[in-house]
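Basically my numbering = 1-based index in the sequence shown + 1.
For every residue, glycine included, the Cβ atom is placed at its ideal position computed from N, Cα and C.
Everything numeric in this text was worked out from a predicted model, so none of it was measured.
Let me begin by presenting the structure, written as structure tokens, before commenting on it.
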Amino acid sequence: MQLNQDIERHYLKEGLFEDILSRLKDQGVDLNSVKRDDISGVDEFHVRGAAVSQELARTIDLNGLEVLDVGCGLGGPCRMLADDFNCNVTGIDLSNEFIRTAKGLSKLVNLDSKTSFVVGDAVNLPFENESFDVVWTQHVQMNISDKKRFYSEIRRVLKSGGHFLYYDIFKKNGNEIVYPMPWASTSDHSFLVKAIEMHDILNELKLEKSTIIDQTKAGIDFFESLVAKLKAYGPPKMGLNVLMGDSTKHKLLNLLEHLKNGTLMLESGIYTKE
Ligand SMILES: C[S@@+](CC[C@H](N)C(=O)[O-])C[C@H]1O[C@@H](n2cnc3c(N)ncnc32)[C@H](O)[C@@H]1O
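Put into structure tokens, the structure is as follows:
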């Protein structure tokens, strides 16, 4: 459990919800009519933010489905799935502060009846077998050492015929990783594997692979324009800097460099449970 506490501490930003409210007010946003767009710079904590979540969501017919987001962070993708795809979405995350903020943000944009959030561990999901039509995860498994348990739990809570959608960061070769990264300050909290290792586990679990997309180039293009904007204008009012503070630039540049030099890659994909 010490590891989980350390990971929670890595992500901790105390008073996060209140900070977001105060930034909205500073930008002149009326707190009684906040839109998802007003917070999308901060509530999607992965490379390419809201754009890639939309793309992933359009890969299958999600209308009206029951979805679980494993490692949901602040719940931006959960709100998008609820609002744009009429899903009922449950988000689970290790971080008490992220879950508190996720609940507050859903209420703020009137999506609290279609989204619910629980604090919990991805390798011990507090849900019955076959509870969800879709399980979704983005940029979480790098923090998880027991990959077999992680993917077995996902399979367990998925209904027969249900889909597993992922968008993740993987090792591409054996080169050393230089930290800090957005998900880990040091290698102690980082458990990167090659995509093939995940595919082997999913195959063993008898999940059936369909579309796989290499997202690395799209990620590099996104980061290069983000870093150029950071250099030109400094940190935005509502960006990932709200979550990562002073170390934002260092972490993003490290990740960009590893994607460019071929040490890391981004991949999304869909598996189906027969
Ligand atoms: C980089 S953030 C991504 C958040 C979200 N998926 C998104 O894309 O906006 C990684 C998240 O994984 C969560 N996490 C890490 N290990 C976890 C675990 N064992 N169980 C549940 N959540 C975990 C962290 O608390 C953090 O919110």
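Ordered along the chain, which non-local residues of its own chain (more than five positions away) have a Cβ less than 7 Å from that of residue i?
{"i": "G76", "result": "D44, G92, A103, L106, S107, T116, F118"}
{"i": "P277", "result": "Since the first residue of the chain shown is 2 and the last is 275, residue 277 is not available in this structure."}
{"i": "R150", "result": "V124"}
{"i": "H259", "result": "I178, L265"}
{"i": "N64", "result": "F86, N87"}
{"i": "N5", "result": "L95, D122"}
{"i": "G72", "result": "D94, A123, T138, V141"}
To the nearest angstrom, how far is it from the Cα of residue i to the Cα of residue j?
{"i": "R10", "j": "K207", "result": "35 Å"}
{"i": "D39", "j": "H47", "result": "17 Å"}
{"i": "D134", "j": "W184", "result": "28 Å"}
{"i": "H61", "j": "L32", "result": "The question names His, but residue 61 is Ile in the sequence shown. For I61 and L32, the distance between alpha carbons rounds to 34 Å."}
{"i": "V179", "j": "S211", "result": "33 Å"}
{"i": "M182", "j": "M239", "result": "20 Å"}
{"i": "G235", "j": "K14", "result": "20 Å"}
{"i": "E67", "j": "M81", "result": "14 Å"}
{"i": "V90", "j": "L254", "result": "33 Å"}
{"i": "V110", "j": "K26", "result": "15 Å"}
{"i": "E56", "j": "H140", "result": "15 Å"}
{"i": "M143", "j": "V194", "result": "8 Å"}
{"i": "F223", "j": "T249", "result": "15 Å"}
{"i": "N176", "j": "N262", "result": "10 Å"}
{"i": "A233", "j": "S226", "result": "10 Å"}
{"i": "G29", "j": "V35", "result": "11 Å"}
Cβ of residue i versus every heavy atom of ligand 3: is any distance shorter than 6 Å?
{"i": "F223", "result": "You won't find ligand 3 in this model; what it holds is ligand 1."}
In the DSSP assignment, what residue or residues form a beta bridge with residue i?
{"i": "G270", "result": "Y167, I213"}
{"i": "S117", "result": "T91"}
{"i": "M182", "result": "A185"}
{"i": "Q139", "result": "Y168"}
{"i": "L159", "result": "F133"}
{"i": "D70", "result": "G92, W137"}
{"i": "K148", "result": "Per DSSP, none; premise fails for K148."}
{"i": "L208", "result": "K274"}
{"i": "K195", "result": "K172"}
{"i": "L265", "result": "K172"}
Can you list, in chain order, the residues of its chain whose CB lies under 6 Å from that of residue i, leaving out five sequence neighbours each side?
{"i": "M266", "result": "F171, K173, T217"}
{"i": "I100", "result": "D94, F118, V120"}
{"i": "S146", "result": "F192"}
{"i": "Y12", "result": "S96"}
{"i": "L22", "result": "none"}
Below 8 Å on the Cβ atoms is my guess for residue i versus residue j; work out the distance and round it to an integer in Å.
{"i": "R37", "j": "D84", "result": "6 Å"}
{"i": "H164", "j": "T273", "result": "5 Å"}
{"i": "Y168", "j": "V53", "result": "6 Å"}
{"i": "G220", "j": "R59", "result": "Not a contact, Cβ separation roughly 18 Å."}
{"i": "I197", "j": "S269", "result": "Not confirmed; about 15 Å, so no contact."}
{"i": "E275", "j": "E209", "result": "6 Å"}
{"i": "V228", "j": "L256", "result": "Actually they are not in contact, since the Cβ atoms of V228 and L256 sit about 10 Å apart, beyond 8 Å."}
{"i": "L1", "j": "E98", "result": "This structure leaves residue 1 out entirely; the chain is present only between 2 and 275."}
{"i": "Y152", "j": "L203", "result": "6 Å"}
Under 6 Å from any heavy atom of ligand 1, does the C-beta of residue i make it?
{"i": "G50", "result": "no"}
{"i": "H251", "result": "no"}
{"i": "N144", "result": "yes"}
{"i": "D94", "result": "yes"}
{"i": "W184", "result": "yes"}
{"i": "A103", "result": "no"}
{"i": "F18", "result": "no"}
{"i": "E268", "result": "no"}
{"i": "I155", "result": "no"}
{"i": "V135", "result": "no"}
{"i": "V141", "result": "yes"}
{"i": "G74", "result": "yes"}
{"i": "Y152", "result": "no"}
{"i": "Y180", "result": "no"}
{"i": "E131", "result": "no"}
{"i": "A123", "result": "yes"}
{"i": "E15", "result": "no"}
{"i": "H164", "result": "no"}
{"i": "L46", "result": "Note that residue 46 is Phe in the sequence shown, not Leu. Yes, Cβ of F46 sits closer than 6 Å to a heavy atom of ligand 1."}
{"i": "F86", "result": "no"}
Please work out which residues of its chain come closer than 8 Å, Cβ to Cβ, to residue i, disregarding the five sequence neighbours upstream and downstream, and give them in chain order.
{"i": "P127", "result": "I93, V119, G121"}
{"i": "H251", "result": "P181"}
{"i": "S161", "result": "E131, K274, E275"}
{"i": "G246", "result": "K14"}
{"i": "S188", "result": "I178, Y180"}
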